[in-house]
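Q: Chains as they are written, first to last, in UniProt numbering: chain A, 1 to 496; chain B, 1 to 433.
Have a look at this one before I ask anything.
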């Protein structure tokens with residue numbers, strides 16, 4: 001039998017055990033250190049005997065004042081410590097909008113409409129090619145205004161879509177949690193491309209008759225990563241306001257954003273963006289800890305806007321004919337990769353086990369001092385998380401991340417299947433993916449989830465959640481009727 | 001009012017598409033039978049007129065479209081598009097592409113509109129599109145909703161004959177009406193059958209004679225419509241119950257209404273065309289009534305011919321002619337089917353209008369469409385793509401009027417100049433207005 005070649009070195013059994021031992025040692029270093037110390041102290045105590053210890057105590061000559069002061073100091077320090085710890089933020093429940101079958105747009109219908117609307121043969125062919133390779137399925141949904149030839153975007157239609165998606169999600173959430181609208185203390189809504197006056201948050205306050213002293217925020221223009229920005233904002237507010245809950249709505253309204261021109265760089269959003277919305281209930285109340293699904297552990301936001309290339313890579317502008325559209329630059333994947341690297345560099349130390357961080361540090365030192373040509377060590381993020389939710393921005397994004405982070409097919413399954421069933425629903429896609437994992441019965445207590453969102457700016461945002469109780473497979477929700485069909489095999493190219 | 005201004009009275013067209021609510025399946029095809037391909041150059045256009053009523057006028061386009069999704073689940077092949085096999089034979093790829101919906105407005109009231117002559121009345125209210133020139137992207141079914149000034153709605157329904165005969169077409173739209181009224185969708189759905197077209201055995205050249213009832217036309221390629229040599233027009237003739245009874249009792253005992261009305265029109269048209277091309281041979285087309293709840297798509301008409309050997313139809317007595325029609329039909333259905341080449345689906349035929357054609361519309365349930373309990377006050381039903389010899393759609397029991405009258409009615413699809421003359425003859429000889 002030939003000897004295994006050197007690059008296969010690490011897969012040999014012996015080294016595997018060495019690696020395992022190393023990981024256990026470094027990860028539990030403090031435990032390993034403290035055990036001998038505690039044993040030594042215990043032995044010393046036993047050796048000296050109780051009489052000697054009492055004698056030592058008497059020798060200190062403490063009177064009541066000293067004792068009281070010491071106790072006071074201890075209590076003071078303890079109080080300051082406990083008060084300055086951040087409040088835990090719990091995700092009590094969330095609900096995603098399930099698009100009705102009367103909004104369905106099969107491939108063939110989309111293509112036929114494109115041919116009828118677009119005069120330019122080349123851009124029709126281009127859109128056909130995108131759609132064939134997009135990873136979308138035959139059940140994705142567009143709002144009713146987009147079923148017209150040409151699409152019929154009016155303010156009224158946009159509001160109607162917003163009401164449909166947002167109110168459905170909130171009604172679902174209320175039904176699942178028994179939440180009383182008057183009980184909501186904080187409301188954060190994010191919708192990038194549709195920002196009417198009064199705002200969408202005002203629309204929700206009006207419909208559900210929320211309290212007059214509610215703290216409401218409406219984030220617009222922040223792109224597909226705005227979902228995690230809203231979560232971050234809600235978390236910060238929940239630190240300041242004790243005993244409160246926050247309702248976070250993430251959505252994207254498709255109706256006003258159909259691009260009617262022929263510029264290729266701007267045609268992609270037409271092909272990929274679909275209807276979706278999510279409503280999330282966060283709380284810092286202690287009594288919600290018992291029924292909450294997840295606890296928010298970290299939110300890390302990275303903004304590459306200082307770099308001109310990154311700033312311009314997703315840019316809304318008018319084309320030569322005056323049609324407004326969102327132009328995606330060719331560098332998009334490269335910039336996304338860089339933003340991700342930045343984000344990972346920040347989140348790595350927070351979530352990676354000590355063993356991985358030490359390896360990374362040592363490799364970094366080695367690269368800098370000994371051998372610059374040495375391959376950088378990519379920390380194994382699979383060790384830090386059980387589940388991954390990557391923004392379903394498009395097939396290329398998911399493929400790129402799978403390659404960069406060396407993820408298996410199962411890790412990206414939630415993202416791919418969400419893209420197939422719902423399309424790119426922008427900021428709410430992370431929640432559809434989380435719902436997929438739950439619907440598959442894979443979410444157990446103690447599991448950690450990493451949500452990664454990308455968006456215009458260019459931003460890369462991450463959130464880390466820890467599951468607090470094993471989630472029962474939901475009987476309703478967007479995946480309930482089709483989960484048994486998934487995962488499906490998505491071919492490279494779908495023939496239209 | 002000129003024809004142009006009638007068409008211009010309908011404005012504000014908005015097009016959209018409705019698809020089946022569920023995915024029909026991966027690469028599902030609906031094969032077209034030989035007889036389907038024979039009928040492919042014809043289109044059934046129907047317009048249902050509903051009077052002003054708060055239930056109907058209160059329906060928004062969302063209410064109208066909502067039951068269409070389960071409706072198309074039952075009839076998913078009608079939402080597909082034509083494709084060809086490698087040999088060139090057309091079939092339907094069930095890709096859920098959808099039916100086209102048109103919304104329009106009319107600046108006249110329904111009463112004013114119903115006074116417009118028949119030929120100009122129905123055309124602006126139903127999309128007159130055909131299959132082609134881009135077969136892959138041509139919808140097979142269109143539905144148009146036109147709202148009249150001061151209330152009232154017209155529903156225009158265009159059905160490609162290649163999908164099925166008028167009985168099937170009407171059953172299809174009637175199901176939508178039932179679903180709109182809140183009835184549950186039917187349980188028995190069409191089977192999601194063939195994935196790939198089954199190979200057909202190559203047919204030998206038919207040894208028997210070529211059928212008289214159809215006319216082979218120049219290959220139409222991908223544009224499925226034959227142009228007429230002369231301008232065709234349409235009109236509607238009502239035969240009152242009393243007139244019908246009198247005719248039957250006087251001359252024609254035992255001859256059913258359809259044959260009698262056909263003979264009547266045959267004779268009159270022959271006298272109109274006297275000296276020119278007299279119709280010595282006529283085609284009779286009868287449809288098999290189908291169970292209303294059955295969502296089957298097929299062309300199941302019986303095509304036969306009747307010929308007057310030597311004599312001109314005018315010289316024959318009406319009674320004799322009626323006897324001829326009722327007793328001496330030569331069934332050519334099988335013959336017609338066999339003329340289609342198995343592989344390529346060629347050649348291209350015109351059936352209605354190859355000879356003067358009489359179509360028995362008795363099984364066609366035009367009054368079966370009701371919108372939340374409201375029936376149409378008037379229905380115009382016409383066939384497009386009729387050949388130069390013309391066709392007469394016979395409703396033996398006034399099925400088109402929707403008013404429940406028991407008389408007969410006929411819709412004429414004839415060259416424009418012949419219609420006026422025909423009406424004069426009818427008035428003069430049979431006192432039918």
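Glycine included, each C-beta is placed from N, C-alpha and C at the ideal position.
Run down chain A in chain order and give the residues with a C-beta less than 9 Å from the C-beta of residue 96/B.
A: Within 9 Å Cβ-Cβ: 104, 106, 107, 108, 109 and 138.
Q: Could you check whether residue 348/B and residue 217/B sit closer than 7 Å to each other, using their CB atoms as the reference points?
A: Cβ atoms of residue 217/B and residue 348/B: closer than 7 Å.
Q: Taking 7 Å as the cut-off, decide whether the C-beta atoms of residue 135/A and residue 272/A are in contact.
A: no
Q: Looking only at its own chain, which residues have a Cβ that is under 7 Å from the Cβ of residue 110/A, when we skip the five neighbours before and after it?
A: 131
Q: Let me know the secondary structure DSSP gives residue 31/B once reduced to three states.
A: DSSP, read as helix, strand or coil, puts residue 31/B in coil.
Q: Using a C-beta cutoff of 7 Å, does residue 21/B count as contacting chain A?
A: At a cut-off of 7 Å, the C-beta of residue 21/B has a neighbouring C-beta in chain A.
Q: Helix, strand or coil, according to DSSP, for residue 210/B in the structure here?
A: coil
Q: Pull out every residue of the stretch 179-196 of chain A whose Cβ sits closer than 9 Å to any Cβ of chain B, in chain order.
A: none
Q: Under a Cβ-count criterion, where at least 16 other Cβ atoms within 10 Å of its own Cβ denotes burial, should residue 40/B be classed as buried or exposed?
A: buried
Q: Could you tell me whether the stretch 59-72 of chain B touches the stretch 105-115 of chain B, using the rule of 3 or more Cβ pairs below 8 Å?
A: no
Q: Out of 353/A, 392/A and 194/A, which one is the CA nearest neighbour of residue 516/A?
A: Because chain A here runs from 1 to 496, residue 516/A falls outside it and cannot be looked at.
Q: Smallest Cα separation from residue 222/B: which of 300/B, 373/B and 130/B?
A: Distance check between residue 222/B and each of 300/B, 373/B and 130/B places 130/B closest, using alpha-carbon atoms only.
Q: According to DSSP, is residue 167/B helix, strand or coil?
A: In this structure, DSSP gives residue 167/B a helical state, which the three-state scheme calls helix.
Q: In whole angstroms, what is the alpha-carbon distance linking residue 308/B and residue 78/B?
A: Approximately 40 Å, taken between the alpha carbons.
Q: Using beta carbons (cut-off 7 Å, strictly below), is residue 490/A in contact with chain B?
A: no
Q: With a 10 Å radius around its C-beta and 16 neighbouring C-beta atoms as the bar for buried, classify residue 332/B as buried or exposed.
A: buried
Q: Taking only three categories from DSSP, how would you classify residue 102/A?
A: Looking at residue 102/A - three-state DSSP - the assignment turns out to be helix.
Q: With 7 Å as the threshold, decide whether the Cβ of residue 101/A is near any Cβ in chain B.
A: For residue 101/A, a Cβ of chain B is located within less than 7 Å of the residue's own Cβ.
Q: Are at least three pairs of beta-carbons, each pair with one atom in the stretch 22-41 of chain B and one in the stretch 81-98 of chain B, less than 8 Å apart?
A: yes
Q: What ranges does the alpha helix (DSSP H) occupy inside the stretch 360-412 of chain A, keeping only unbroken runs of at least 4 residues that lie completely in it?
A: 395-404
Q: If you draw a straight line from the alpha carbon of residue 174/B to that of residue 369/B, how long is it in whole angstroms?
A: Approximately 5 Å between the Cα atoms of the pair.
Q: Just curious, the beta strand (DSSP E) that residue 348/B is in, first and last residue?
A: 348-350
Q: With 16 as the cutoff for other CB atoms within 10 Å, does residue 361/A come out buried or exposed?
A: exposed
Q: Going straight from the alpha carbon of residue 483/A to that of residue 439/A, what length do you get?
A: 7 Å
Q: Does the structure place the stretch 377-389 of chain A close enough to the stretch 227-236 of chain A that three or more beta carbon pairs sit under 8 Å?
A: no
Q: May I ask you to list the residues that DSSP assigns as paired with residue 286/B?
A: 302/B and 360/B
Q: Please look up how many angstroms separate the CB atoms of residue 410/B and residue 386/B, rounded, as I've assumed it's under 8 Å.
A: Their Cβ separation, rounded to whole angstroms, is 14 Å, which puts residue 410/B and residue 386/B out of contact at 8 Å.
Q: Cβ of residue 235/B within 7 Å of Cβ of residue 125/B?
A: no
Q: Any Cβ of chain B within less than 7 Å of the Cβ of residue 486/A?
A: Judged by the 7 Å Cβ criterion, residue 486/A is not in contact with chain B.
Q: What residues from chain B crowd round residue 148/A, counting only those whose CB sits closer than 8 Å?
A: 14, 15 and 16
Q: Report yes or no: do the stretch 210-220 of chain A and the stretch 118-130 of chain A share at least 3 C-beta pairs separated by less than 8 Å?
A: no
Q: Just the chain B side, please: which residues come within less than 8 Å of residue 584/A by C-beta, in chain order?
A: With chain A represented from 1 up to 496, any question about residue 584/A goes unanswered, as that position is not in the structure.
Q: Given a threshold of 16 other Cβ atoms within 10 Å of its Cβ, counted over all protein chains shown, does residue 353/B qualify as buried or as exposed?
A: buried
Q: Would you list, in chain order, the members of the stretch 121-146 of chain B that have their beta-carbon closer than 7 Å to a beta-carbon of chain A?
A: 137
Q: Quick check on the DSSP output: what are the complete beta strand (DSSP E) runs of length 3 or more inside the stretch 271-347 of chain A, in order along the chain?
A: 276-283, 294-303, 314-318 and 324-328
Q: Starting from residue 82/A, trace the alpha helix (DSSP H) both ways and give me its first and last residue.
A: 64-84
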